[in-house]
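In the working numbering, the protein residues as written are 236 to 585. Heads up, the thing below is written out as structure tokens.
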């Protein structure tokens, strides 16, 4: 058999696309005339131009995928969704309220992260009275300048000057004091937009958890130390001085605020009028001037107001000046402060 012979039956389409086998008359199915291409082939059917519908479908599909992913990786995808929709992802304020400081996720659990977040809300307090000058610390709790400190830091003060972490200074007035809890609330004059601290929950504090203390020991503003919570509910007794004249309760120069613990007196005589409160014990280094500063957990929340520390006397230390911290410090639990805050704002304590 001749292998080149065309065995295709009569009338079948040839492979060389014989024009005769396409008897088109140049008329479309809808009756519209078109120009036939060479060889009688019709042009490609006229397709409608692409509309935005397909793009919309693609965007919807993508957003749906993002929404599903959001359930796995959290709220971070909300920003991406906003960008895809052309929305502004900037957060809006809630009526001008000032939020407390928080530790960034990447720095959580580190002393450096806590210090960076909370230090702007810790201030140095200089109090002057007829008895002399003293230095303490305080915690900013509102953007317009409400500051919590110890009563013994400002007791009897005739003038109070507060220095922020930025170095800016303000004059402050006493709003309310509670000698029974060794707490005081002062307020800066003409302040606004200040960094504020977040008050935590001292009922959740556990022995052994890491803490950070920030204050102005010996006038060294913004000093950061760290340690652990050594014990809970320690009975600490301090002098109850609210005479408003002597200034006896302040930390005068290098003299520490006297207190009683375990049946013994430390740092001098507490006097006849005393008050006892339950305190958090910490081995974070505290020195004169730390009083009224913050004891902070590793989430950057205030869990206590530093109030008392023990340092061996100069005689015991065998030197001409008082020794430093030996890891025996106490802080007023923040829940005590929160329960007393309304009374302090009203001009007195509970």
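All C-beta atoms in this analysis are idealised placements derived from N, C-alpha and C, irrespective of residue type, glycine included.
Across which residues does DSSP place residue i in a beta bridge pair?
i: residue 420; result: 383 and 411
i: residue 536; result: 433
i: residue 403; result: Residue 403 pairs with nothing; no bridge assigned.
i: residue 513; result: 470
i: residue 464; result: 517
i: residue 543; result: 565
i: residue 359; result: 372 and 398
i: residue 367; result: 364
i: residue 346; result: Bridge partners of residue 346: none, in fact.
i: residue 529; result: 449 and 540
i: residue 459; result: 449
Would the beta-carbon of residue i fall within 8 Å of that of residue j?
i: residue 447; j: residue 459; result: yes
i: residue 466; j: residue 393; result: no
i: residue 349; j: residue 524; result: no
i: residue 471; j: residue 512; result: yes
i: residue 456; j: residue 400; result: yes
i: residue 493; j: residue 500; result: yes
Cutting at 8 Å between CB atoms, please list the residues of its own chain near residue i, excluding the five before and the five after it.
i: residue 407; result: 360, 380, 382, 395, 396, 397, 421, 422, 423 and 424
i: residue 412; result: 386, 389, 390, 418, 419, 420, 477, 579, 583 and 584
i: residue 327; result: Confidence is the limiting factor: at residue 327 the pLDDT is only 34, short of 50, which leaves the residue's position unreliable and the question unanswerable from this model.
i: residue 354; result: 400, 449, 457 and 459
i: residue 404; result: 396, 397 and 398
i: residue 436; result: 536, 538, 569 and 570
Please report the Cβ distance between residue i and residue j, rounded to the nearest whole angstrom; I am assuming they are in contact, meaning their Cβ atoms lie under 8 Å.
i: residue 426; j: residue 389; result: At roughly 17 Å, the Cβ-Cβ gap does not stay under 8 Å, so residue 426 and residue 389 are not in contact.
i: residue 502; j: residue 545; result: 7 Å
i: residue 504; j: residue 562; result: Incorrect: roughly 24 Å between the Cβ atoms, too far for contact.
i: residue 373; j: residue 527; result: 5 Å
i: residue 434; j: residue 537; result: 5 Å
i: residue 522; j: residue 453; result: 6 Å
i: residue 346; j: residue 451; result: That pair is no contact at about 18 Å.
i: residue 575; j: residue 439; result: Actually they are not in contact, since the Cβ atoms of residue 575 and residue 439 sit about 19 Å apart, beyond 8 Å.
Skipping 5 residues on each side, what residues in its chain have a beta carbon closer than 6 Å to that of residue i?
i: residue 475; result: 414, 508, 509 and 510
i: residue 364; result: 391, 392, 393 and 482
i: residue 506; result: 474
i: residue 496; result: 471
i: residue 468; result: 513
i: residue 445; result: 463 and 533
i: residue 344; result: 533
i: residue 441; result: none
Helix or strand or just coil, what does DSSP make of residue i?
i: residue 571; result: helix
i: residue 451; result: coil
i: residue 563; result: coil
i: residue 495; result: strand
i: residue 521; result: coil
i: residue 576; result: helix
i: residue 354; result: helix
i: residue 335; result: strand
i: residue 426; result: coil
i: residue 389; result: helix
i: residue 440; result: coil
Short of 7 Å in beta carbon distance, which residues of its chain neighbour residue i, apart from the five on each side in sequence? Order them along the chain.
i: residue 566; result: 514, 515, 517, 530, 539, 540, 541 and 542
i: residue 640; result: In the structure as shown, the chain begins at 236 and stops at 585. Residue 640 is therefore absent and cannot be evaluated.
i: residue 443; result: 463 and 464
i: residue 573; result: 434
i: residue 577; result: none
When the cut-off is 8 Å and only beta carbons count, does residue i lie next to chain C?
i: residue 495; result: Included in the structure is just one protein chain, with no chain C present.
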